[in-house]
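The structure under discussion appears below in the form of structure tokens.
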Amino acid sequence: MEAAREAATTMFTPRSRRPELPARLSQDISHKRALRRLWARTRCPVLKARLNALTAQVSEAVKTWRGEIWESVIDRVSEHATDLHSLNRALQRTPIPTYPLLDAQGQRRFAPMDRAEILADHLETQFQPHPVPAGVSEEIREHHQRVEREATEFLSRPHEPLGGEAFISPAEVRKAALRLPRRKAPGCDGTPTEALRFLPRRGFAALARLFNGILRTSHFPDAWKTGKVVMLPKPGKDRRLPASYRPVTLQPHLAKLFERLLLRRLVPHIEPRAEQFGFRSSHSTTLQLVRVLHHLATALNGGRDSVAVFLDVEKAFDRVWHKGLIYKLLNTTTPHAITKLIASFLHGRDFYVSVEQTVTSQKRTISAGVPQGSCLSPALYGLYTDDIPTLEGSLRPGESDIMLALYADDSAYIATSMNADHAARRMQRMLDKIPAWLDRWRMAVNVGKTAALPVTRRRIMPKQLQLRGQEIEWQTSVQYLGAHIDRSLSMRLQVEKAVNNTRAARALLRPVLSSSLPLRTKIGVYKTYLRSRLTYAAPAWYALCSASNKKLLQKQQNITLRMCTDAGRYVRNDVIARDTGVPSVEDFVVMSARRMFDRADNCRHTHLNGIAPLHARPPEGGKKTWLSTPRDLIRRD
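Residues 503 to 1139 in my numbering are what the sequence shown lists, from first letter to last.
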């Protein structure tokens, strides 16, 4: 009986991590509560006076105790950078409450298993290729049939084996294992990266034999094709809807290790076009923003107008047509053995959704898309969209091609002409070519989320653009690669966003910044968690800011440094900056821009050499509306 009772008893573990009160303080609080109950019955003035005095005493004791606890926490974290990082992340993150989900009938489901199944059903419909539109031409249907036929025939016939130089050595496996991120969550097999890092030499040799067997047979193991999906809520969305959650897929680390080695053998054969800046060495979002803003500012300085369209590709990575991707791989120099291995890597994948770390859904199949969390996926998606069209081949006499800017699935077209109407007409010709390309490769664009931005000093908007018969709304500002670009290129909205993000982060980190930590540690917290928000991609847009907006950015740094040093109001900001050794925001941005341009000018990618070049400026007192370009930050007199 006693054993059965203990087995059926569930021990409750409190969620609060607050340390227990000292015994003396707990006794005082109990005495205060008893005194309050006694006074409530008697209403004796003497008891009221004693209660007020005891309440003040307990309140002061609690404040002192909390201060001592915080000081002890600070003393512990000041010794290790990882502890300090964990503390900062804990202060910035708030616990996410549990919300019910609406099922297909609109009923709310609270049970973890029901929520897991609802999310899994939603993702299963998402991992499907786009259906072929009903009104496509016969030419496109024949193209689909040809792609299916050639891909199927290729997969059914034998291939030539790989050469000896393509195989993997134990030393290469060990080197790749040591470079795996240490703090990544494990996949469905539960194997952490630490287990791979500490393998003996015999273990790396066994992995090399396994990986070479995969390369030899062109068969990706089925055990590595199952993904564990964790859903994270999107900010500002209705959390009762499954579409308001972003999936994060956790893959087995052993599979990730092999994919890294396979990527080295695949990349030399699928070099992306020069306009693609996503997931490539020596490229970054900041460089792409530099390229775009330099183009727009140079056009305005030359008296020309620009029209930019930012496409929103619908479920870009999740709906890649597998047969179409294999067909495009066949048109490259990729060895047929690796192409077959990629086909095996994509075929027969499945996933399950994990809720509250204990409840999982049934497995669901994946019929399209490149796997999330795999290092192969960005390269494969870049190849799949590498032939996105431009006006090349259909230009009229005297016309220049439209500028194309790509970063993974973020696509932007920019047309420049002597006035916005002419630029809009050229852009419309470009948009008329996109539907045929989308239909050929079974892709889709969300026209409702596609934005059009006229960069002009005119107030009259050009004629409305259309895509697939739907009008694209003109916007006064657009967010591209994390930066807000407005039609006048003042970057005022971007400065407001940077200031607001910094204020919010500083409010959350106030306990650290105003604590007794060493000043050097608090300055490091500012540089890591606050200045990164204040100057995100600043080498691209800082030169376009007005003097007043630059002062707003510098003001946020001044407030934070004053909080870190606890300086009085009589201490000047420049004195605080000098004593702490923190450069001004402008000096930091200039140093960052100089390093960025130096790396771009000396890298092996020729299209980055001399990116956003300097132009001759008008004499002083001339054109008042001249806009600075990104490289003007490092202009040398």
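Ideal placement from N, C-alpha and C gives every residue a C-beta, glycine not left out.
No experiment lies behind these values; they were computed from the predicted model shown.
Presumed contact (8 Å Cβ cut-off) between residue i and residue j, rounded CB distance
i     : j    : result
K678  : R762 : Sequence inspection shows Ala at residue 678; the Lys mentioned does not correspond to that position. With a Cβ gap of about 5 Å, A678 and R762 count as contacting.
T958  : A922 : 5 Å
A710  : S671 : 6 Å
V675  : F713 : 7 Å
P880  : A910 : 6 Å
I916  : S784 : 23 Å between Cβ atoms; not a contact.
A622  : S876 : Actually they are not in contact, since the Cβ atoms of A622 and S876 sit about 20 Å apart, beyond 8 Å.
W1043 : Q996 : 6 Å
Residue i to residue j span [Cα, whole Å]
i     : j     : result
P873  : D820  : 8 Å
Q630  : R1005 : 42 Å
R684  : T693  : 12 Å
I987  : A1007 : 23 Å
F1090 : L967  : 41 Å
L843  : H824  : 13 Å
H1107 : D889  : 20 Å
V1001 : E975  : 28 Å
T1062 : K1024 : 10 Å
T787  : F779  : 7 Å
P602  : M1098 : 47 Å
H646  : L878  : 25 Å
E662  : R942  : 30 Å
H624  : E998  : 36 Å
A488  : L527  : There is simply no residue 488 to check, as the chain begins at 503 and stops at 1139 in what is shown.
K534  : L553  : 7 Å
P1132 : S1094 : 12 Å
A745  : L556  : 54 Å
W616  : C690  : In the sequence under discussion, the amino acid at residue 616 is Asp, which differs from the Trp named in the question. The straight-line gap from Cα to Cα measures roughly 20 Å.
K739  : M733  : 14 Å
F706  : K865  : 32 Å
K935  : L969  : 10 Å
K686  : K758  : 11 Å
L789  : D1100 : 12 Å
Y886  : L848  : 14 Å
A563  : R538  : 18 Å
K565  : G1070 : 24 Å
T836  : H771  : 5 Å
Nearest candidate by alpha-carbon position, reference residue i, set the options
i     : options                   : result
W1128 : A525, S990, L734, I916    : S990
Y854  : A708, E662, K727, P633    : K727
Q972  : M945, W943, Q930, L549    : Q930
R718  : S1017, K1057, C1047, G666 : G666
L1116 : R793, L832, K1029         : R793
E696  : M615, R681, D807, S902    : R681
R742  : G608, R659, S808, L813    : G608
L791  : A1118, I1136, A1114       : A1114
G826  : M733, V638, Q529, R648    : R648
V1027 : C1066, L789, D605, S876   : C1066
E652  : R568, G1083, L604, N833   : N833
S1017 : N590, Q864, V634          : N590
L1032 : A687, V861, V815, N1003   : N1003
T654  : A1045, R806, A845         : A845
A673  : A606, A953, R699          : R699
P956  : T918, M932, M945, L933    : T918
E626  : R610, Q559, G729          : G729
R1096 : L1135, L802, G805, L768   : L1135
G884  : M905, T860, E773          : E773
Buried versus exposed, by CB contacts within 10 Å (16 or more), residue i
i     : result
Y1072 : exposed
E619  : buried
P1020 : exposed
E581  : The pLDDT assigned to E581 is 47, lower than 50, so where the model puts this residue is not dependable, and the model offers no usable value.
W939  : exposed
P749  : buried
F1058 : What sits at residue 1058 in the sequence shown is Gln, not Phe. Its Cβ being crowded by 16 or more others within 10 Å, Q1058 is buried.
R659  : exposed
S856  : buried
A953  : buried
A551  : exposed
R545  : exposed
R1137 : exposed
D1103 : exposed
Short CB-CB distance (under 8 Å) between residue i and chain D
i    : result
H924 : In the displayed structure, chain D is absent; only one protein chain is listed.
Review point. Is the number of C-beta pairs between the stretch 947-958 and the stretch 754-762 that are closer than 8 Å three or more?
Key: no
If we count Cβ pairs, one from each stretch, closer than 8 Å, do we get three or more for the stretch 1011-1025 versus the stretch 818-834?
no
Can we say the stretch 959-975 touches the stretch 909-925, given the rule of at least three CB pairs closer than 8 Å? yes
Review point. With a cut-off of 8 Å, do at least 3 Cβ pairs link the stretch 975-991 to the stretch 1029-1040?
Key: yes
message = I'd like to know if the stretch 887-903 and the stretch 786-799 are in contact, where contact means that at least 3 CB-CB pairs between them fall below 8 Å.
response = no
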